[in-house]
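Peer 1:
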Amino acid sequence: MTTKKALISALITVILTVVIRAILHANGIHNFFSDNYIGGYLFYLVIFSLCYLFFKRQSNK
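So the sequence shown is numbered by this note's numbering: it starts at 718 and just counts up by one.
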């Protein structure tokens with residue numbers, strides 16, 4: 718994976734993380750993210766991994 722695709726994946730991950738966390742916070746599900754930072758980091762890593770695998774699969778086709 719090139720650096721450009723990794724940066725695009727990271728940018729999409731940041732946007733998705735902010736949007737999903739805002740939606741969950743608005744619905745009252747904010748204890749997992751506000752009490753410990755590990756939950757937020759794990760959430761970010763999961764979304765980044767999914768974006769990375771998506772771009773990797775697209776480049777293989």
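The beta carbon of each residue, even a glycine, is placed where N, CA and C say it ideally should be.
(1) Suppose the cutoff is 7 Å on Cβ atoms and the five residues either side in sequence are ignored; what does the same chain contact list for alanine 727 look like?
(2) Alpha carbon to alpha carbon, how far is glycine 756 from phenylalanine 771?
(3) Round the Cβ separation of threonine 734 and tyrosine 769 to the nearest angstrom and send it over; I've been treating them as touching at under 8 Å.
(4) Which same chain residues end up closer than 7 Å to threonine 730 when comparing Cβ atoms and leaving out the 5 residues on each side of it in sequence?
Peer 2: So, to answer that:
(1) What you label residue 727 is simply residue 10 of the sequence shown in a count that begins at 1. For alanine 727, where only same-chain residues beyond five positions count, the Cβ hits under 7 Å are Phe765.
(2) Here residue 756 corresponds to residue number 39 of the sequence shown, with the count starting at 1. Here residue 771 corresponds to residue number 54 of the sequence shown, with the count starting at 1. If you take the alpha carbons of glycine 756 and phenylalanine 771, they lie about 23 Å apart.
(3) The residue given as residue 734 occupies position 17 in the sequence shown. The residue given as residue 769 occupies position 52 in the sequence shown. With a Cβ gap of about 14 Å, threonine 734 and tyrosine 769 do not count as contacting.
(4) As a first step, residue 730 is located in the sequence shown; it is residue number 13 there, counting from the start. Excluding residues within five positions, the ones whose Cβ falls inside 7 Å are Tyr761, Ile764, Phe765 and Cys768.
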